[in-house]
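Throughout, the numbering used here is defined as the position within the sequence shown, counted from one, plus 1231.
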Amino acid sequence: MVVTDGPYAETAEQIGGYVMIEVAGAEEAIEFAAACPEEIVEIRPVVEYGG
């Protein structure tokens, strides 16, 4: 019997590293991602809170 916490990967298995870039918009982010040598690239917006 195998017991797991759920259908989710452990953090160590899922995150190999990340790169945060600052671009003008989604179109520029897509262009940047297309030029990356990695096979899988995720684009996620970052929410900045003033304070």
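Note that CB positions come from ideal geometry on N, CA and C, so glycine has one too.
CA-to-CA distance, residue j to residue i, given in whole angstroms
| i | j | result |
| --- | --- | --- |
| Ile1274 | Ile1252 | 10 Å |
| Gly1248 | Ala1257 | 21 Å |
| Ile1337 | Glu1269 | The requested residue 1337 is not part of the displayed model; the chain covers only 1232 to 1282. |
| Glu1279 | Met1232 | 45 Å |
| Cys1267 | Gly1282 | 34 Å |
| Ala1259 | Val1250 | The sequence given here places Glu at residue 1259; Ala does not occur at that position. Those two C-alpha atoms are separated by around 15 Å. |
Check whether residue i and residue j have beta carbons under 8 Å apart
| i | j | result |
| --- | --- | --- |
| Glu1264 | Val1272 | Sequence inspection shows Ala at residue 1264; the Glu mentioned does not correspond to that position. Yes. Within cutoff. |
Contact with chain D by residue i, beta-carbon distance below 8 Å
| i | result |
| --- | --- |
| Ile1274 | Of the protein chains in this structure there is only one, and it is not chain D. |
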